[in-house]
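S.K.:
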Amino acid sequence: MTRRISRTAALALLAVGLMSLNSRAPIVGLGPVLPDIQRDTGLSAAVVGLLAAIPVLCFGLITPAAAWLVGKIGINHAVLYFFGGLALGIVVRSYGGAAGALVGTVVLGVAMTLVNVATPLIVGRDFPLRAALMTGVTTAAVNVGTTLASALTAPLAGTIGWQGSLVSWLGFVAIAAGVWFFVFPASKDGPRWSDADFPGRAAKAAARRRAELRAAQGQPGTETGPLPLVPRAKISPGNRRMMWLFTATFALHNVGYYAMTLWLPSYLAQTQGMTLAQAGLGASLLQLFAIAGPLLIPALIHLFGWGEKQLFALVAVCWLVLPAGLLVAPAAWVLWAVLGGIAQGGTFTVVFTVVIKRARSLDENRRMTALIQSVGYAIASTGPIVIGGLREAAGNWQAPLVFVLGALVVMAVTGFLAIRSRTTPPLASRSQRA
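Numbering-wise, our numbering comes out as the position in the sequence shown, counting from 1, plus 14.
Here you go:
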């Protein structure tokens, strides 16, 4: 039994990790070769910059439709669409000329929106007892992918050209798609394991959690398949309040993330006397340490028994330290970038771990995740634009950093209010008490 459980868990972990590794890398890989793309396609600097903004806009605008599609066709099937869209978008963006660069980027944005919605659902469905750990693993895998893309794209472009460099990522996509299809076939759109795969006390906990999901969803068995499109009233009042507060939290978190990701290299070059290459390398600390943030959260839960409030307090403080530190002690930018990296990965993990745990059903999980991401990413796409406007108008970095600091202060407040909000117990628990 133990051997079978270990093999099953390892396969599921591998499939989900490879999926997450691919979920942002094609966007980040674009950055190192933007000048080459502009030279060869004739696109203006503004349009080339739009290539980085289009996926974020897709995250905001297309998330409701993506959530509907995932609910209609099932999680396993939807992730295969993600891999197909990723492959198509990479090829069209690389070899389609100026028009193809834009069209391919839109295809990539749509595909990535699907995996944004699917990931929390997979965690809630297949890892009901390890929500914090698996949310951390998936977020860390995303950052591993972005780090690889950032580090490998430019050297490859110098050898095989920027088109070949970008298309070479298809190797990772093919491996991940093959593993996913083997572990989570679309013909069986349900969990990789059943309740019987958990031994001893874990079996009771797993069975209880799946019973809660089935009772809230009104479906027999452990299969989830296509999710029922139930009315919005199915979201409990407590969860609805939490959802809207976390929407504000997620939006402001991403305002800070995308603003700092885009402008930190320019800040370092202008304030620390660095070359652009040195500034880009220094700013990569924000991505590198984002790998540690998601893994730190489950470690703190396991080792010290930290709760949701303590975990969010940690990531909120680390986030606030980044703009505040750059304002008062810019020479210590390495420390601030490291803490900011930990925060940006950890915040996502804390927010969606809470959502997964409090959702009474996979459909409620899907609806809350869709709204949080849709509104959050739409607002986040404005962050880099506002920062650029403030920088140009003020002629210094103080005003932009104060703006980011203010946004993160509000993020901290709404996050604490969301975690403190009361939640309606799962239907199964209420029936047991009755």
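In this text, a Cβ means the ideal position worked out from N, Cα and C, and glycines have one as well.
Nothing here was measured: the structure is a model prediction, and the numbers come from that model.
(1) Using DSSP with H/G/I as helix, E/B as strand and the rest coil, what is leucine 340?
(2) Looking at alanine 154 and leucine 309, is the spacing between their C-beta atoms short of 8 Å?
(3) Just list the beta strand (DSSP E) runs in the segment 97-147, keeping only unbroken ones of 3 residues or longer that don't cross its boundaries, in chain order.
(4) My guess is that cysteine 332 and isoleucine 305 are in contact by the Cβ rule of under 8 Å, so how many angstroms apart are they, rounded?
(5) Which two residues bound the contiguous alpha helix (DSSP H) that contains valine 368?
(6) Could you give the DSSP three-state label for glutamine 284: helix, strand or coil?
(7) Does the beta-carbon of arginine 21 have 16 or more other beta-carbons within 10 angstroms, so that it is buried, or is it exposed?
(8) Taking contact to mean 3 or more Cβ pairs, one atom from each stretch, closer than 8 Å, check whether the segment 32-49 and the segment 153-169 are in contact.
(9) Buried or exposed: alanine 408, going by 16 or more other Cβ atoms within 10 Å of its Cβ?
(10) Taking one C-beta from the segment 117-127 and one from the segment 29-41 each time, how about it: are there three or more such pairs within less than 8 Å?
(11) Tell me which residues share the same chain as threonine 261 and place their Cβ nearer than 8 Å to its Cβ, disregarding the 5 neighbours each side in the sequence.
(12) Report back the beta-carbon spacing between alanine 273 and proline 398 to the nearest angstrom; my notes put them in contact at under 8 Å.
(13) For tryptophan 176, is the beta carbon positioned less than 7 Å from some heavy atom of the ligand ZN?
(14) So, is asparagine 268 buried or exposed, given that buried needs 16 or more other C-beta atoms within 10 angstroms?
(15) Do tryptophan 176 and isoleucine 51 have their C-beta atoms within less than 8 Å of each other?
(16) Is it buried or exposed for serine 201, if we count other Cβ within 10 angstroms and need 16 for buried?
(17) According to DSSP, simplified to helix, strand and coil, what is tryptophan 82?
(18) Can you find the residues in the same chain that come closer than 8 Å, C-beta to C-beta, to isoleucine 104, ignoring five residues on each side of it along the sequence?
(19) Just to confirm, are valine 151 and glycine 31 a CB contact at a threshold of 8 Å?
(20) Run through DSSP, which three-state label would phenylalanine 430 get?
(21) Please state if the CB of glycine 307 and the CB of glycine 360 are separated by a distance shorter than 8 Å.
(22) Locate the alpha helix (DSSP H) running through alanine 408, then write down its first and last residues.
(23) For leucine 102, collect the residues of the same chain with a Cβ closer than 6 Å to its Cβ; drop the 5 residues on either side in sequence, then sort them by chain order.
(24) Ignore the nearest five residues each way along the sequence and tell me which others in glutamate 406's own chain have a CB closer than 7 Å to its CB.
(25) Return the residue from the list Gly138, Val400, Pro312, Pro199 that minimises the CA-CA distance to isoleucine 7.
(26) I need the DSSP call for lysine 248, collapsed to helix, strand or coil.
(27) From which residue to which residue does the alpha helix (DSSP H) around arginine 53 run?
M.R.: Reading it off the structure:
(1) Three-state result, leucine 340: helix.
(2) Against a cut-off of 8 Å, the Cβ pair of alanine 154 and leucine 309 comes out as a contact.
(3) List check, beta strand (DSSP E) in window: nothing returned.
(4) Wrong, their Cβ atoms sit about 14 Å apart, outside the cutoff.
(5) Its alpha helix (DSSP H) spans residues 347-372.
(6) Taken through DSSP and simplified to helix, strand or coil, glutamine 284 comes out as helix.
(7) Classification for arginine 21: exposed.
(8) As far as the Cβ criterion goes, the segment 32-49 touches the segment 153-169, which means the pair count is three or higher.
(9) Per the 10 Å Cβ criterion, exposed.
(10) With contact defined as three or more Cβ pairs closer than 8 Å, the segment 117-127 and the segment 29-41 are in contact.
(11) Around threonine 261: Leu385, Ile386, Val389, Gly390.
(12) Alanine 273 to proline 398, Cβ: 5 Å. Contact.
(13) This structure simply doesn't include the ligand ZN, nor any ligand for that matter.
(14) When all chains shown are included, asparagine 268 counts as buried.
(15) Taking 8 Å as the Cβ cut-off, tryptophan 176 and isoleucine 51 qualify as a contacting pair.
(16) Classification of serine 201: exposed, given that the 10 Å Cβ count is below 16.
(17) Helix, per DSSP.
(18) Cβ within range, chain order: Pro40, Gly118, Leu122, Leu180, Val181, Trp183, Leu184, Val187.
(19) With contacts defined by Cβ atoms closer than 8 Å, valine 151 and glycine 31 form a contacting pair.
(20) Phenylalanine 430: helix per DSSP, three-state reduction.
(21) Taking 8 Å as the cut-off, the Cβ atoms of glycine 360 and glycine 307 count as close.
(22) Looking at the DSSP string, the run of the alpha helix (DSSP H) that includes alanine 408 is 397-408.
(23) The answer, listed in chain order, is Val121.
(24) Answer for glutamate 406: no residue qualifies.
(25) Residue 7 lies beyond the stretch modelled for the chain, which goes from 15 to 448, so this question has no answer here.
(26) Residue state, collapsed to three classes: helix.
(27) 48-55 is the span of the alpha helix (DSSP H), which, as asked, contains arginine 53.
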